[in-house]
Every structure is written in C-alpha cells, then in structure tokens.
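Chemist: Numbering-wise, the first sequence is residues 66 to 415 according to this note's numbering. Built from N, CA and C at the ideal position, the CB exists for glycine as well. Computed from a predicted model, the values in this text were never measured in an experiment.
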Amino acid sequence: MIDPFFAHRLLAWWDEHGRKDLPWQQERSPYRVWVAEVMLQQTQVAVVARYFERFMARFPNIHALASASLDDVLHLWSGLGYYGRAHNLHRAAAAVVRNYDGVLPNDQRVLMELPGIGRSTAAAIVAQAYGERAAILDANAKRVLARQHRVGGAPAVKALWELAESHTPADRVADYTQAIMDLGATVCVRRAPRCAVCPVAASCQARAAGDAERFPEAAARRQRRLERRRFFVVTDQTGACLLERRPAQGIWGGLWSPPERDDDCSVEAFLAAAGISERDVREVHNAPTLRHGFTHYDLDVLPIYVQIAKRPAEVRETGAAWIDPASHRLGVSAVAAKLLKATQTELFKA
DNA sequence: AACGCGGGGGA
DNA sequence: TCCCCAGCGTT
Numbered sequence: 066m067i068d069p070f071f072a073h074r075l076l077a078w079w080d081e082h083g084r085k086d087l088p089w090q091q092e093r094s095p096y097r098v099w100v101a102e103v104m105l106q107q108t109q110v111a112v113v114a115r116y117f118e119r120f121m122a123r124f125p126n127i128h129a130l131a132s133a134s135l136d137d138v139l140h141l142w143s144g145l146g147y148y149g150r151a152h153n154l155h156r157a158a159a160a161v162v163r164n165y166d167g168v169l170p171n172d173q174r175v176l177m178e179l180p181g182i183g184r185s186t187a188a189a190i191v192a193q194a195y196g197e198r199a200a201i202l203d204a205n206a207k208r209v210l211a212r213q214h215r216v217g218g219a220p221a222v223k224a225l226w227e228l229a230e231s232h233t234p235a236d237r238v239a240d241y242t243q244a245i246m247d248l249g250a251t252v253c254v255r256r257a258p259r260c261a262v263c264p265v266a267a268s269c270q271a272r273a274a275g276d277a278e279r280f281p282e283a284a285a286r287r288q289r290r291l292e293r294r295r296f297f298v299v300t301d302q303t304g305a306c307l308l309e310r311r312p313a314q315g316i317w318g319g320l321w322s323p324p325e326r327d328d329d330c331s332v333e334a335f336l337a338a339a340g341i342s343e344r345d346v347r348e349v350h351n352a353p354t355l356r357h358g359f360t361h362y363d364l365d366v367l368p369i370y371v372q373i374a375k376r377p378a379e380v381r382e383t384g385a386a387w388i389d390p391a392s393h394r395l396g397v398s399a400v401a402a403k404l405l406k407a408t409q410t411e412l413f414k415a
C-alpha cells in the first residue's frame, strides 16, 4: 500500500530543511549534473565537494572534456578512486560530442547506453537537469524506502526499485529526488536515525516495529584478502620520482605508479634494467611498512627507498617517466602520491 | 546474482 | 578496525 502523501510530506520538509547550496546545484546544467553524479557514485558528498569545482574549472564544458587527454582527466581525478569512472566519463563525453552534437540526451534509456551511466545515474540526470520523471535508488533512497516499508532480504533490490518508481511524483521531480536523498543523508541516517524530526515517520513500518537500524539489510561479509606489493621508489636529489605506467588491467590500471616488481627481483637487477648505475646508488634500505586500506583486501606496501646521486641519462624505457614532485603530473595515482610523500619525508629526515 | 573497483569518513 | 558511501561494468 503506497501512501499517496509520502512525496507531498517529503517535499514540504525539503522546502524548509533540504540542501540547496551544494556546488552542483548552482548554475545547474546537464553537464554539471552529469559530472557530479558520476563523482558521487560510491563517494561521499563532502569528498566530491573538494574535487568538483576544480574539475569544472579545468573542463568547463563537455567539449573541453572530450578534447582533453586522458592523462589530464585522470590527473584531476587522482585521489577520488574508482578511476574507471574517469575513463568512462572521458569516453562518454567524446561519444556525446560525436553522436549528439555535444548535447547530453534527456532520455533515461539513451543515457544508460553511455559508459559509466547506469539506471540510477541516468535517472538523477534526467530528473535534476531536465525535470523528467524518473526514479533514483541511491544508498539514501534505499535506506529511506527499506525502512518505510520494512523490506529486506535478497529480493529487496527489485522491490525497492518498484517502491522508488511508485513514490516518485510527476511534478517537482528534481526537488523530490533531492529531498529523498537529503532525508537519507541528514535524518534517516544509518545509525541512530532522527525519527522525531522525520516527515514520514508516521507511516514508517520499521519505526513502528522499532527496528529501523536493521534496514537496509547488510550484505554478507566478504572474505578479506591480504596482498603484498613491492614498489621501487627511486628519487633523485630534487625529489623527482621514477614512475611507470601500469598495465591497463588490474589494480590502478593505466595509472602511473612507482615501478612494481616481484619479490624475487633483486635491487641490482632492477637498477640494471632501469639503466641506473650502481655507483650512482647512495643508499638502499627498507622503509617502514605502509598499510593501505582497501575495500576487499589489504595491501602491504613495502617500498624500497633508493637515493641516487643524479638522474641517469637514459632511464626512459617504455612507459617510464620522472614525475615532478611539485606538479604530480601524468595522472599519478593516490598511492604514488602517498609513496612520494613517504619518500620525501624519509629524505627530509636523512 | 556476485564480484571488483579506491579512498575517505565515522563509530 | 570495520562498515559504509548520490553505482557501474563484467562475468
């Protein structure tokens, strides 16, 4: 049984308490909404806010994005994670310029054919940018609806999409979409929801049952993997660091990082392959272990710091480059930046 | 349907 | 230390 006043009460609440000053809500354009929605995939609002305007300043419109190099796009994405999003954004921008004359389609089904745009993101774009009726089901809406109707278990996702569709009103779609996300983000929060100030608490079944925190049902815990990775962090006296472009497949695919080698690669063999003379090596020692948290497994990063007296004349093999520590060009991945920072700290102490 | 993908926030 | 976050693409 769908409460016909659900959307009405939600909108009335949003008019008074909703968020209306987020960066991507200003001078709202399809392009800005699109970029924001992609950045916001599995990424918290406060984090995206630090990247959004910088990205917009560098790529103010879809043509600027489409004609940019992938390295430039990755550079501005560095630290945001899920770098496949940046690849897809870049590819989709080129496709929109080529196929739609640079105008982002206003149809949900058409949008979903673009790389990186799924059901929820496509719905958010058409609702926020074009005012077309479309239902979203992000983590916030999922939590609100799962509690409102007290649905859990395996079939929950399908049921929640149907509930999202039936609750979405025909008018004020953009505001409603924002409202249900704001409610989930500020009132119907994961732990200790503030039901006392919730506009839809009266019809909330989980609230009535007193078990709101049980919803949405958590996925089964996954096994965590432990991985050990070994990087050769080679810096010179200016702090410049040797990087390699990583293989397209696998972790940090296509990004730049300090050279990674197997445990059975000796320091001598690495230096020889890189064309670095051993007499240029001033010091080699193991650094303290850096632990890097990961979604499904942990990485043990065991960098070996190598100080060399000067840049070797010829180390530019395929895919190798020196990175300037001041600019961090070449779309350096966050882990490379962390390793650089650790390296520089070590050099500073030495 | 399940899994891989990243980094950060918060308890 | 762990779960979660304005999900998507692949298998």
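1) From the DSSP output, which residues share a beta bridge with serine 331?
2) Between the C-alpha atoms of tyrosine 370 and glutamine 107, what's the straight-line distance to the nearest angstrom?
3) Return helix, strand or coil for leucine 154, following the three-state DSSP convention.
4) Which complete alpha helix (DSSP H) runs does the stretch 137-192 hold, if anything under 4 residues is left out?
5) Quick check on the DSSP output: the alpha helix (DSSP H) that includes tryptophan 89 runs from which residue to which?
6) Serine 231 by DSSP, collapsed to three states: which one?
7) According to DSSP, simplified to helix, strand and coil, what is glutamate 325?
8) Can you tell me which of Lys207, Ala250, Ile316 puts its alpha carbon nearest to the alpha carbon of valine 110?
9) So for valine 252, helix, strand or coil by DSSP?
10) If we ignore side chains and look at the alpha-carbon of each, how far apart do leucine 87 and leucine 336 end up?
11) Helix, strand or coil for tryptophan 79? Go by DSSP, reduced to three states.
12) Helix, strand or coil for phenylalanine 117? Go by DSSP, reduced to three states.
13) If you reduce the DSSP assignment to three classes, tell me which class aspartate 68 lands in.
14) If you drop the 5 nearest sequence neighbours on each side, which residues of the same chain put their C-beta closer than 6 Å to that of proline 281?
15) Under 8 Å, with one C-beta from each stretch per pair, do the stretch 196-203 and the stretch 113-131 reach the 3-pair mark?
16) I think cysteine 260 touches arginine 272, with their Cβ atoms under 8 Å apart; what is that distance to the nearest whole Å?
17) Could you name the residues of the same chain whose beta carbon sits closer than 8 Å to that of methionine 246, not counting the 5 residues immediately before and after it, in chain order?
18) Measure the CB-CB distance between valine 191 and asparagine 164 and report whether it falls below 9 Å.
19) Output needed for glutamate 379: all residues of its chain with C-beta closer than 8 Å, excluding positions within five of it in sequence on either side, in chain order.
20) Taking its Cβ as the centre, do 16 or more other Cβ atoms sit within 10 Å of arginine 97, making it buried, or is it exposed?
21) CA-CA distance, histidine 73 and asparagine 153?
22) Closer than 6 Å by C-beta to threonine 186: which residues in its own chain qualify, once you throw out the five before and the five after it? Chain order, please.
23) Tell me where the alpha helix (DSSP H) around leucine 130 begins and ends.
24) Are the CB atoms of aspartate 240 and tryptophan 79 within a distance shorter than 9 Å?
25) How many angstroms separate the CA atom of valine 112 from the CA atom of glutamate 118?
26) Among residues of its own chain, excluding the 5 on either side of leucine 225, which ones have a beta-carbon nearer than 7 Å to its beta-carbon?
27) Hey, how far is the Cα of leucine 105 from the Cα of valine 254?
28) Please classify serine 94: does DSSP put it in a helix, a strand, or coil?
29) Report all residues from its chain with a CB closer than 7 Å to the CB of tryptophan 99; omit the five preceding and five following residues, and keep chain order.
30) Name the two residues that bound the continuous alpha helix (DSSP H) containing arginine 272.
31) Glycine 181 and alanine 157 - do their beta-carbons sit closer together than 9 Å?
32) Within this structure, are the beta carbons of alanine 257 and leucine 75 separated by less than 9 Å?
33) With a 10 Å radius around its C-beta and 16 neighbouring C-beta atoms as the bar for buried, classify glutamate 309 as buried or exposed.
34) Roughly how many whole angstroms lie between the Cα atoms of glycine 167 and leucine 135?
35) Could you have a look at glutamate 282 and say whether DSSP puts it in helix, strand or coil?
36) Out of curiosity, what's the CA-to-CA distance linking valine 238 and cysteine 263?
Modeler: The relevant details are as follows:
1) Residue mapping note: residue 331 aligns to position 266 of the first sequence, counting from 1. The partner list for serine 331 (beta bridge, DSSP) is empty, contrary to what the question assumes.
2) Along the first sequence, read from residue 1 onward, the residue named residue 370 stands at position 305. Along the first sequence, read from residue 1 onward, the residue named residue 107 stands at position 42. Residue confidence for tyrosine 370 is low, a pLDDT of 41 falling below 50, so the modelled location carries little weight and cannot support an answer.
3) In the first sequence, the residue the question calls residue 154 occupies position 89. In the three-state DSSP reduction, leucine 154 falls in the helix class (H, G or I).
4) As far as the stretch 137-192 is concerned, its whole alpha helix (DSSP H) runs of at least 4 residues are 149-165, 173-176.
5) Taking the first residue of the first sequence as 1, we reach residue 89 at position 24. If you look at tryptophan 89, you'll find it isn't in any alpha helix (DSSP H); DSSP assigns it neither H nor E.
6) As a working mapping, residue 231 is identified with position 166 in the first sequence. If DSSP states are grouped into helix, strand and coil, serine 231 belongs with the helices.
7) Locating residue 325 in the first sequence gives position 260, where the first residue counts as 1. The answer is strand: DSSP assigns glutamate 325 an E or B state.
8) Position 45 of the first sequence, counted from the start, is the residue given in the question as residue 110. Relative to valine 110, the option among Lys207, Ala250, Ile316 whose CA is nearest is Ala250.
9) Counting from 1 along the first sequence, the entry for residue 252 is found at position 187. Looking at valine 252 - three-state DSSP - the assignment turns out to be coil, as it is neither helix nor strand.
10) The sequence position of residue 87 within the first sequence is 22, counting from 1. The sequence position of residue 336 within the first sequence is 271, counting from 1. Taking the Cα positions, leucine 87 is about 49 Å away from leucine 336.
11) On the first sequence, position 14 is the one that residue 79 refers to. DSSP places tryptophan 79 in helix when its eight states are reduced to three.
12) Working through the first sequence from its first residue, we reach residue 117 at position 52. Helix, per DSSP.
13) Position 3 of the first sequence holds residue 68. Note: aspartate 68 maps to coil in three-state DSSP.
14) Here residue 281 corresponds to residue number 216 of the first sequence, with the count starting at 1. So the list reads Lys207, Arg208, Ala211, once near-sequence residues are dropped.
15) Between the stretch 196-203 and the stretch 113-131 there are fewer than three C-beta pairs closer than 8 Å, too few to call the two in contact.
16) Within the first sequence, the letter at position 195 stands for residue 260. Within the first sequence, the letter at position 207 stands for residue 272. About 5 Å; that satisfies the 8 Å criterion.
17) Mapped onto the first sequence, residue 246 falls at position 181. Listed in chain order, the non-local C-beta contacts of methionine 246 below 8 Å within the same chain comprise Ile201, Asp203, Asn205, Ala206, local neighbours out to five positions each way being set aside.
18) Reading the first sequence from its first residue, position 126 is the one you call residue 191. Reading the first sequence from its first residue, position 99 is the one you call residue 164. Judged by their CB atoms, valine 191 and asparagine 164 are not nearer to each other than the 9 Å cut-off.
19) One-based indexing of the first sequence puts residue 379 at position 314. Any reading at glutamate 379 must be qualified, since the residue scores a pLDDT of 31, below 50, and its modelled position is unreliable; the value itself is stated next. The answer, listed in chain order, is Gly340.
20) Here residue 97 corresponds to residue number 32 of the first sequence, with the count starting at 1. Arginine 97 is buried by the Cβ-count criterion.
21) As a working mapping, residue 73 is identified with position 8 in the first sequence. As a working mapping, residue 153 is identified with position 88 in the first sequence. The straight-line gap from Cα to Cα measures roughly 37 Å.
22) Walking along the first sequence from the start, residue 186 turns up at place 121. If we look at threonine 186 and ignore the five residues flanking it on each side, its Cβ neighbours are Glu102.
23) The count along the first sequence starts at 1 and reaches residue 130 at position 65. Per DSSP, the unbroken alpha helix (DSSP H) holding leucine 130 starts and ends at 127-132.
24) Sequence index remark: in the first sequence, residue 79 carries index 14 (1-based). Sequence index remark: in the first sequence, residue 240 carries index 175 (1-based). Closer than 9 Å, so yes.
25) Translated into the one-based positions of the first sequence, residue 112 becomes position 47. Translated into the one-based positions of the first sequence, residue 118 becomes position 53. Going by the C-alpha atoms only, they are around 12 Å apart.
26) Position 160 of the first sequence, counted from the start, is the residue given in the question as residue 225. Cβ within range, chain order: Leu202, Lys207, Leu210, Ala211, Val216.
27) Within the first sequence, residue 105 is the residue found at index 40, counting from 1. Within the first sequence, residue 254 is the residue found at index 189, counting from 1. Distance between the alpha carbons of leucine 105 and valine 254 is about 17 Å.
28) For the purposes of this step, residue 94 is taken as residue 29 along the first sequence, with counting starting at 1. Serine 94: coil per DSSP, three-state reduction.
29) Here residue 99 is taken as the residue at index 34 of the first sequence, counted from 1. Leu169, Ile190, listed in sequence order.
30) In the first sequence, counting from the first residue as 1, residue 272 sits at position 207. Boundaries of the alpha helix (DSSP H) harbouring arginine 272: 270-274, taken from the DSSP string.
31) Working through the first sequence from its first residue, we reach residue 157 at position 92. Working through the first sequence from its first residue, we reach residue 181 at position 116. The Cβ atoms of alanine 157 and glycine 181 lie closer than 9 Å to each other.
32) Start at 1 with the first residue of the first sequence, and residue 257 comes out as number 192. Start at 1 with the first residue of the first sequence, and residue 75 comes out as number 10. Cβ atoms of alanine 257 and leucine 75: not closer than 9 Å.
33) For the purposes of this step, residue 309 is taken as the residue at position 244 of the first sequence. The residue in question, glutamate 309, is buried, as its Cβ has 16 or more Cβ neighbours within 10 Å.
34) Position 102 of the first sequence, counted from the first residue, corresponds to residue 167. Position 70 of the first sequence, counted from the first residue, corresponds to residue 135. One C-alpha to the other measures close to 18 Å.
35) Mapped onto the first sequence, residue 282 falls at position 217. Secondary structure at glutamate 282: coil, using DSSP grouped into helix, strand and coil.
36) In the first sequence, residue 238 corresponds to position 173, counting from 1. In the first sequence, residue 263 corresponds to position 198, counting from 1. So the two alpha carbons sit approximately 20 Å from each other.
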